[in-house]
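Read the structure below first, then the notes.
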DNA sequence: AATAGTATTGCAAATGTTTTCATAAAATCA
DNA sequence: TGATTTTATGAAAACATTTGCAATACTATT
C-alpha cells in the first residue's frame, strides 16, 4: 500500500507528496540546517509514507563520495584475515561507509582485476592486504588517484601508507623467547617464503637472532609447510622423526604451530616438557588448544579497527595528511613453551 | 602522463580521443557487435591511453544493474561463516558481481539497518544468513521488491527462497550415529536456543530421536555453552565432573565439540575409548584436531557456491523462477566416536 | 515606513552513462 | 543503375540526484 507506482519512488515523488521542490528534499538530507523545521517534518512524513530510500548511485555521479571502501584480501577463509575483515568492516561502518570485499586467492593478477572492479564501483578508497602487489596494481592506483592503504604488514619502505605489524620483529621476538628459555636446538617450520613477505621477514629475523648467538640451524632442522593444520602436522611428524629431536619448534604462524601441537599429541610427546612450541600470530583458537599455544600476538583486531578509522578519517578529511601505523607485538606465553629439558636433545620419545 | 586532465576521464573524453561520439564508446562496451571492428580498436586504444574505467554508478542510474550483491551475516569472524562468505563471493564474482558485505553481530535491528544501507547502494539482491529476521526487514525487502535470499538454513516454511541445510535432520543424524554405536547415556552441550533457530532445531531433533528409543536425557546431562571453544571447554569440565560420566557427548556445533575435546585432554580421558564426542557442522579445523572430530557435515562451501550461482541466475534471468535448495548432510566418522565401553557408564577417569 | 539583512525555497544546469531514433554510408539485389 | 536492405554512427533524451544562483518572504533596524 505504500508505494503504489511500484519502484518509482524517487526524490521528486517525495517532493510532490510533500508539496515542495526536489531541491528542498535533497537539502533535507544533505544540509538539514538549511531547511525550515516545519518543511522538514512534512518531507520526512512523505519519505516514511512512500518508503523512499536514497540512491547513492545518483549521489556518486554527482561527485559526492560513493560511501564504499574496497578491501582486497588473499582469502576470507583464514581465521586471521576474517578477524581483520570483521574489525575493518565494523570500523568503517561507524564512519558511514560500506564494505566492498574481494579476494584473490594469492594471485596478484587477480588482485589487479579486483582493484579494477572496485574502481568501477567508484569506491572512495581501496585497502590491500600485504606489501606485495603487481606493478600494474600500483600504477592503477596512482593513476586513478584513489586513496589506498596497505593493511596487515608494516614496512617503512612501503610506497603506500600502511597499518600493520612488523613481521621482522615478530620473528625476532619468537626466537628470543626460546633462547631465553635456554633452547639451542631449535626446529623451524615455515611456509614457502617466495611470494610471501610475511613469512620471509619472519624467517630471516629468526635466523638473524639465532645467528647473533652463534646458533646456526642445520638443514635437517628446517622444514616447509603450507597454511594448513593437517599438512603442518605431517611436516612436523617428519621433522620429529629424527633422534635426537630438537628441544623446541618455532613455527612461522599459528596454524602451523597448531599442526605441530597435534603432531606431538599423536607421538605422545609431552608439551612443553619434551618439546616447546611457539607460533606467530595468536589466531583465534590458539588460546583454546590444550595446552594453550605460546605465540607472538599480531593484533589483528586492532589493526583492522585502526586501519578503518585512519582510512575513513583520511578519506573524509579536507586536507588529508599521510599516515602509517606500526602496531605493537606482544609475546603471549601460554602452555606450549618451557625451559630446556636437562639434557638438551635427549630422546625419550617412542 | 596518461590522464592530463586528472580525474576528468569519462566516456566523452575517450570519445574525443578516438574521434567518435560518446554513444559509440558506450556501445563498444555494452554491444560490441554493433560497432565496426576498426572503430572498436581505435576506441580501445583511447581507453588504454587515458586509463578510462567505466563508472558503474552512472550505469546504475540508468536502470542497469549495479552489479553488486549484498550479504548480511551475523559475524564474519566465525570459521563457518567465513567459509560461506568466501564461497559466495567467489561464486558471484564469476557472474560479474561484486560483494557488499555487512555484519550485524546477532542484532536483528542492526540487520535491518544493514539491509537499508545496502538498498541505498542499489544492490541487485540481498542475501541474509538464517531464517530469523525482524518484521521490518521482511517488509522492507518486500516493499522495495528486491530479490532476496536466505542462506545457510533450509526450511520449507520460509517466506523467502533459501539455500541451506536442514538443521533438524542434522540433529537426528548425530543422535542416530551415537545410538548405532550403542550409546544410551548421552550428554548434551548446546548453545542457548532462544534466538537461534539452528540450535533449537538441532536440539529438538536430538531429543526426538533419543525419545523414539525411549531414552530421556536427565537435566544433569544437559548443559549450555556459547559459541566459544574455551567456554565450551569449561562447560564440559563441569559436565564431566559427575560419576559416572556419560559414554558420549553430543555437541550443538563443532566449536563446542572442540572445546569438549580439549576438556577431555585436560582430564586425561581417552577419546573415544572412555568417551565419544560428536559435533555438528564440520568446520574447517575439525578434521585436524587429534583425534579427528566425528561430526555431521554441513557443506558450507557448497551452500555458499550454490547460493551465489542460483541467486545470480535469478537476478540476471528474464523470467526468474523461484528456487530453494536443501543441501545434503553427511555423517563424517573420524576418531572421536567409538563403540560403547563394555560397562556403560563405568568410571575410569581420575 | 523604508531599508537592510537573513532565512527559505525553487529553477535549472550539471553529473556520466545508456538507449531510442534518425541519418548516412555501404552493400545487395533486380 | 536505381531501389532496397543492412551496417555504422551520432544527437538528444532520460536516469536521480546536487548545488549555484536567483527570487521571495520574513525580521530587525532606524
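Protein chains in written order, with the working numbering: chain C, 1 to 350; chain H, 351 to 700. The C-beta atom is built at its ideal place from N, Cα and C for all residues, glycine as well. Computed from a prediction, not measured in an experiment: that's the story for all the values here.
> Are there 16 or more other CB atoms within 10 angstroms of the CB of residue 459 of chain H, so buried, or fewer, so exposed?
Replying inline: Indexing the second chain from 1 puts residue 459 of chain H at position 109. By the neighbour-count rule (16 or more Cβ atoms within 10 Å), residue 459 of chain H is not buried but exposed.
> Which residues of chain H have a Cβ atom closer than 7 Å to the Cβ of residue 229 of chain C, listed in chain order?
Replying inline: Your numbering for residue 229 of chain C matches position 229 in the first chain. What residue 229 of chain C touches in chain H: 635 and 638.
> Hey, which unbroken runs of the alpha helix (DSSP H) at 4 residues or more fall wholly within the stretch 536-573 of chain H?
Replying inline: 547-561
> In the structure shown, what three-state DSSP assignment does residue 329 of chain C receive?
Replying inline: For the purposes of this step, residue 329 of chain C is taken as the residue at position 329 of the first chain. Coil at residue 329 of chain C, not helix or strand.
>> Can you pull out the residues from the stretch 400-421 of chain H whose beta carbon lies closer than 8 Å to at least one beta carbon of chain C?
In response: 401, 403, 404, 405, 406, 407, 408, 410, 411, 416, 417 and 418
>> Are the CB atoms of residue 225 of chain C and residue 235 of chain C within a distance shorter than 8 Å?
In response: As a working note, residue 235 of chain C is residue 235 in the first chain. As a working note, residue 225 of chain C is residue 225 in the first chain. For residue 235 of chain C and residue 225 of chain C, yes; Cβs fall inside 8 Å.
> Is there a Cβ from chain C that is less than 8 Å from the Cβ of residue 452 of chain H?
Replying inline: Position 102 of the second chain, counting from 1, holds the residue named residue 452 of chain H. Taking Cβ atoms only, chain C reaches closer than 8 Å to residue 452 of chain H, which makes this a yes.
> What residues in the stretch 456-486 of chain H bring their beta carbon closer than 8 Å to a beta carbon of chain C?
Replying inline: 466, 467, 468, 469, 470, 471 and 472
> Got a sec: is the Cβ-Cβ distance from residue 445 of chain H to anything in chain C below 8 Å?
Replying inline: Against the second chain, residue 445 of chain H aligns to sequence position 95. Chain C, which has no Cβ nearer than 8 Å to the Cβ of residue 445 of chain H, makes this no.
> By Cβ distance, which residues of its chain are closer than 7 Å to residue 673 of chain H, with the 5 residues on each side in sequence left out?
Replying inline: The residue given as residue 673 of chain H occupies position 323 in the second chain. The residues are 511, 660 and 664.
> Nearest to residue 187 of chain C by alpha carbon, out of C:148, C:243 and C:134?
Replying inline: The sequence position of residue 187 of chain C within the first chain is 187, counting from 1. Closest option to residue 187 of chain C, Cα to Cα, is C:243.
> Between which two residues does the alpha helix (DSSP H) harbouring residue 660 of chain H extend?
Replying inline: Within the second chain, numbered from 1, the residue matching residue 660 of chain H stands at position 310. Looking at the DSSP string, the run of the alpha helix (DSSP H) that includes residue 660 of chain H is 650-666.
>> Do residue 462 of chain H and residue 448 of chain H have their beta-carbon atoms positioned less than 8 Å apart in this structure?
In response: Counting from one through the second chain, the residue named residue 448 of chain H turns up at place 98. Counting from one through the second chain, the residue named residue 462 of chain H turns up at place 112. For residue 448 of chain H and residue 462 of chain H, no; Cβs fall outside 8 Å.
> Any Cβ of chain C within less than 8 Å of the Cβ of residue 558 of chain H?
Replying inline: Locating residue 558 of chain H in the second chain gives position 208, counting from the first residue. No, residue 558 of chain H lies away from the interface with chain C (no Cβ there is under 8 Å from its Cβ).
> In its own chain, which residues sit with a C-beta less than 6 Å from the C-beta of residue 308 of chain C, not counting the 5 before and 5 after it?
Replying inline: Position 308 of the first chain, counted from the start, is the residue given in the question as residue 308 of chain C. Here the set comprises 88, 91 and 92.
> Are the CB atoms of residue 50 of chain C and residue 9 of chain C nearer to each other than 8 Å?
Replying inline: Here residue 50 of chain C refers to the residue found at position 50 when the first chain is read from its first residue. Here residue 9 of chain C refers to the residue found at position 9 when the first chain is read from its first residue. For residue 50 of chain C and residue 9 of chain C, yes; Cβs fall inside 8 Å.
>> Give me the residue from H:678, H:670, H:671 and H:653 with the minimum Cα distance to residue 433 of chain H.
In response: Position 83 of the second chain, counting from 1, holds the residue named residue 433 of chain H. Closest option to residue 433 of chain H, Cα to Cα, is H:653.
> Between the stretch 427-441 of chain H and chain C, which residues of the former have a C-beta closer than 7 Å to a C-beta of the latter?
Replying inline: 427, 429, 432, 433, 435, 436 and 439
> When we look at the beta-carbon of residue 606 of chain H and count the other beta-carbons within 10 Å, is it buried (16 or more) or exposed?
Replying inline: Counted from its first residue, the second chain places residue 606 of chain H at position 256. Burial call: buried.
>> Pairs of beta-carbons, one from the stretch 473-480 of chain H and one from the stretch 493-506 of chain H, closer than 8 Å: are there three or more?
In response: yes
> Taking the alpha carbon of residue 223 of chain C as the point to measure from, which residue in C:252, C:196 and C:214 has its own alpha carbon closest?
Replying inline: What you label residue 223 of chain C is simply residue 223 of the first chain in a count that begins at 1. Measuring from the Cα of residue 223 of chain C, the nearest candidate turns out to be C:252.
> From H:469, H:535, H:533 and H:554, pick the residue whose C-alpha is nearest to that of residue 543 of chain H; which is it?
Replying inline: Counted from its first residue, the second chain places residue 543 of chain H at position 193. Cα-wise, what sits closest to residue 543 of chain H is H:554.
> Between residue 240 of chain C and the rest of its own chain, which residues show a CB-CB distance below 7 Å, the 5 nearest in sequence each way excluded?
Replying inline: Walking along the first chain from the start, residue 240 of chain C turns up at place 240. Around residue 240 of chain C: 263 and 267.
>> I need the DSSP call for residue 84 of chain C, collapsed to helix, strand or coil.
In response: Your numbering for residue 84 of chain C matches position 84 in the first chain. Residue state, collapsed to three classes: helix.
>> I'd like to know whether the C-beta of residue 612 of chain H is nearer than 8 Å to at least one C-beta of chain C.
In response: For the purposes of this step, residue 612 of chain H is taken as residue 262 along the second chain, with counting starting at 1. Yes, residue 612 of chain H counts as interfacial toward chain C.
> Nearest to residue 317 of chain C by CA position, among C:141, C:95, C:219 and C:37, is which residue?
Replying inline: For the purposes of this step, residue 317 of chain C is taken as residue 317 along the first chain, with counting starting at 1. Selected option, being the one with the closest Cα: C:95.
> DSSP state of residue 24 of chain C, grouped into three classes?
Replying inline: Within the first chain, residue 24 of chain C is the residue found at index 24, counting from 1. Residue state, collapsed to three classes: helix.
> Closer than 8 Å, CB to CB, is residue 493 of chain H near chain C or not?
Replying inline: Here the question's residue 493 of chain H lines up with position 143 in the second chain. Residue 493 of chain H counts as touching chain C.
> When burial is assigned at 16 or more other CB atoms within 10 Å of the CB, is residue 153 of chain C buried or exposed?
Replying inline: Mapped onto the first chain, residue 153 of chain C falls at position 153. Answer is buried; the Cβ neighbour count reaches 16.
> Quick one, which residues of the stretch 543-558 of chain H are near chain C if we go by CB-CB under 7 Å, in chain order?
Replying inline: none
> CA-CA distance, residue 556 of chain H and residue 625 of chain H?
Replying inline: Numbered from its first residue, the second chain carries residue 556 of chain H at position 206. Numbered from its first residue, the second chain carries residue 625 of chain H at position 275. If I take the Cα positions, the gap works out to 18 Å.
> How would you write the range of the alpha helix (DSSP H) that residue 364 of chain H sits in, first residue to last?
Replying inline: On the second chain, residue 364 of chain H is found 14 positions in, with the first residue counted as 1. Counting along the chain, the alpha helix (DSSP H) containing residue 364 of chain H begins and ends at 361-368.
> Is the beta carbon of residue 675 of chain H less than 8 Å from the beta carbon of residue 644 of chain H?
Replying inline: As a working mapping, residue 675 of chain H is identified with position 325 in the second chain. As a working mapping, residue 644 of chain H is identified with position 294 in the second chain. It is not a contact, given that the beta carbons lie outside the stated cut-off.
>> Between the alpha carbons of residue 679 of chain H and residue 647 of chain H, how many angstroms are there, rounded?
In response: The count along the second chain starts at 1 and reaches residue 679 of chain H at position 329. The count along the second chain starts at 1 and reaches residue 647 of chain H at position 297. Rounded to whole angstroms, residue 679 of chain H to residue 647 of chain H spans 6 Å at the Cα level.
> Near residue 37 of chain C, what residues of its chain come up, given a Cβ to Cβ distance below 7 Å and the 5 sequence neighbours on each side ignored?
Replying inline: Reading the first chain from its first residue, position 37 is the one you call residue 37 of chain C. Closer than 7 Å at the Cβ level, and outside the excluded window around residue 37 of chain C, lies no residue.
> For the stretch 54-70 of chain C against the stretch 464-471 of chain H, are there 3 or more C-beta pairs whose distance is under 8 Å?
Replying inline: yes
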